[in-house]
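Just below is one structure, and these are the notes that go with it.
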Amino acid sequence: MYQESTHTSIAKDITEVRQLTKRFGSLTALNSLSFKVCKGDILGLLGPNGAGKTTAIHCMLGLVTPTSGSIRIMGLDVARHRRKILARVNFSSAYTALPSNLTVRENLIVFARLYGLKAARERIDSLLELFEIEETHNRLTGSLSSGQLTRLNLCKAFLNDPEILFLDEPTASLDPDIAAKVRQRLQELQRQRGLTMIYTSHNMQEVEQMCDRVIFLAKGRIVMLGSPAEIIKQSKSSSLEDLFIAIARNGHLYQTVDNQEDEPCGTE
10 MYQESTHTSI
20 AKDITEVRQL
30 TKRFGSLTAL
40 NSLSFKVCKG
50 DILGLLGPNG
60 AGKTTAIHCM
70 LGLVTPTSGS
80 IRIMGLDVAR
90 HRRKILARVN
100 FSSAYTALPS
110 NLTVRENLIV
120 FARLYGLKAA
130 RERIDSLLEL
140 FEIEETHNRL
150 TGSLSSGQLT
160 RLNLCKAFLN
170 DPEILFLDEP
180 TASLDPDIAA
190 KVRQRLQELQ
200 RQRGLTMIYT
210 SHNMQEVEQM
220 CDRVIFLAKG
230 RIVMLGSPAE
240 IIKQSKSSSL
250 EDLFIAIARN
260 GHLYQTVDNQ
270 EDEPCGTE
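Numbering (our numbering), first residue to last: 10 to 277.
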């Protein structure tokens, strides 16, 4: 069985983004984003294509340098402590390619070594079992179905026992029954380990089920922030899906949310 984490977070507000701006030439991809993510929460980062979701995640992972603003993860500044942070976070996407000429197990062994893990066989076995792809362990990764590859990426993302997991469309390529199992596994890990997740998806029913809070982006601006129920009520929409469609069509008409004084995370 997959073991619970022994990590202890050093900050209740495990991620804090302040006035994050990113420009690519004349294009402003992110415009003064400010928000917090509390330990153990699942935050949905939502919006139509081009809204800035991927850029925001890349900035939080230190893959893209912001034009201005600051990001602190687990109390550490991303610009100065990226290596320390990356040892304690991970990323999984339905669209990430893995070396196709390696077997499933070989891929996981390679990444375990990159993460500095020793004697990772037991961890690999437990993750393959957790995401129900243990029967593929000796198959070449290039022969996997898209759903199996998605679950392999999730196994990879849990190798280093992350405290924060960034998920980009984690169930996009999965059959409904497998997607439901993956959501169940992620929720179990959240409850058992206090795992924090930052989650992008175009499946609004999934978002309502999974996320404690959501942020809607439109053209790099935050236009909605709160729990799914709160923003449905605030927007007078019948569902998150209806709100998503409205923002995708008319995002420029929505005012930027002034959230610099976002509510603090609770204390134990």
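Yeah, the Cβ is synthetic: ideal placement off N, Cα and C, and Gly gets one too.
Integer-rounded CB distance, given that residue j should sit under 8 Å from residue i
i, j, result
"T105", "N162", "5 Å"
"A103", "A181", "4 Å"
"N169", "L126", "7 Å"
"R114", "H146", "5 Å"
"G84", "L29", "Not confirmed; about 17 Å, so no contact."
"A166", "N212", "Going by Cβ atoms, the distance from A166 to N212 rounds to 19 Å, so no, they are not a contact pair."
"L107", "I224", "Incorrect: roughly 29 Å between the Cβ atoms, too far for contact."
Separation of residue j from residue i, as counted between CA atoms
i, j, result
"F253", "P57", "8 Å"
"K245", "N259", "15 Å"
"Q201", "E250", "30 Å"
"L234", "A60", "15 Å"
"I23", "C164", "23 Å"
"T159", "P179", "7 Å"
"N116", "T265", "43 Å"
"P75", "E144", "42 Å"
"L139", "H67", "27 Å"
"Q243", "E131", "48 Å"
"H90", "G229", "25 Å"
"K45", "L52", "9 Å"
"A128", "A121", "9 Å"
"T17", "T205", "Only weak support is given to the placement of T17: the predicted model assigns it a pLDDT of 45, under 50, and the question is left unresolved by the model."
Backbone secondary structure at residue i - three-state DSSP
i, result
"A227", "strand"
"F140", "coil"
"S43", "strand"
"L183", "coil"
"G151", "helix"
"V232", "strand"
"K31", "strand"
"L111", "coil"
"D177", "strand"
"G56", "coil"
"L36", "strand"
"E25", "strand"
Cβ-heavy atom distance, residue i to the ligand ATP, below 6 Å
i, result
"I133", "Absence of the ligand ATP is noted for the structure shown, with no ligands found whatsoever."
Length at least 3, wholly inside the region 58-105: the beta strand (DSSP E) runs in chain order: 77-82 and 98-102
Is there contact here, the region 220-232 with the region 181-194, by at least three beta-carbon pairs under 8 Å? no
Write down every uninterrupted run of the alpha helix (DSSP H) in the region 194-266 whose length is 4 residues or greater and which is fully enclosed by it, in chain order. 213-219, 237-244 and 249-259
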